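Residue 14 in the numbering used here sits at position 9 of the sequence shown, with consecutive numbering throughout. Quick notes on the structure that follows.
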Amino acid sequence: MESCQSPCYEALVRYDFNKLEGVASALMNAGRDRDALRIYLFMADGDPSLDGGYLGGRIAECYERLGELDAARYWYGRAVEENPEVRNAERSAYERLGSISIADLCKPEE
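In structure tokens:
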């Protein structure tokens, strides 16, 4: 039977999810959000459910702390899509960031 996983899935099986989460969490606590984001994106690669939305929420939090609010809103939305009954904090954050606009880049149609 052929595997449908992304190429990075093979690398991921060599890592323990809980250890990766511990390292990423420690990096966030140390203010190294960009490094934590790299780990969370690595963990999410090839995981269409984003582990029940958990990883989407962590990725969103990293982006928000980095001031990248467009990306944060997107990832909060992905977290809610994957687990709408549980991801209440992410839903609140998504709604809080709902006023993000691209009007500075292009004018909306009138």
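A virtual CB, placed ideally from N, CA and C, is assigned to each residue, including glycine. Everything numeric in this text was worked out from a predicted model, so none of it was measured.
In the DSSP assignment, residue 30 falls within the unbroken alpha helix (DSSP H) covering 22-34.
Sixteen is the threshold: when 16 or more other Cβ atoms of the shown chains lie within 10 Å of the Cβ of residue 55, as they do, the residue is buried. Taking a cut-off of 8 Å on C-beta distances, the stretch 103-115 does not touch the stretch 80-94, as fewer than three cross pairs fall below it. As the crow flies, the alpha-carbon of residue 31 is around 22 Å from that of residue 98.
For residue 90, there is no enclosing alpha helix (DSSP H), as DSSP marks it with neither H nor E.
For residue 65, the number of other beta carbons within 10 angstroms of its own is at least 16, and it is reported as buried.
Per DSSP, the continuous alpha helix (DSSP H) segment holding residue 70 begins and ends at 59-70. For residue 75, the number of other beta carbons within 10 angstroms of its own is below 16, and it is reported as exposed. In terms of Cβ geometry, residue 95 and residue 58 form a close pair [threshold 8 Å]. Residue 41: member of the alpha helix (DSSP H) spanning 38-49, first to last residue. From the listed residues 29, 114, 89, the smallest Cα separation to residue 49 is found for 29.
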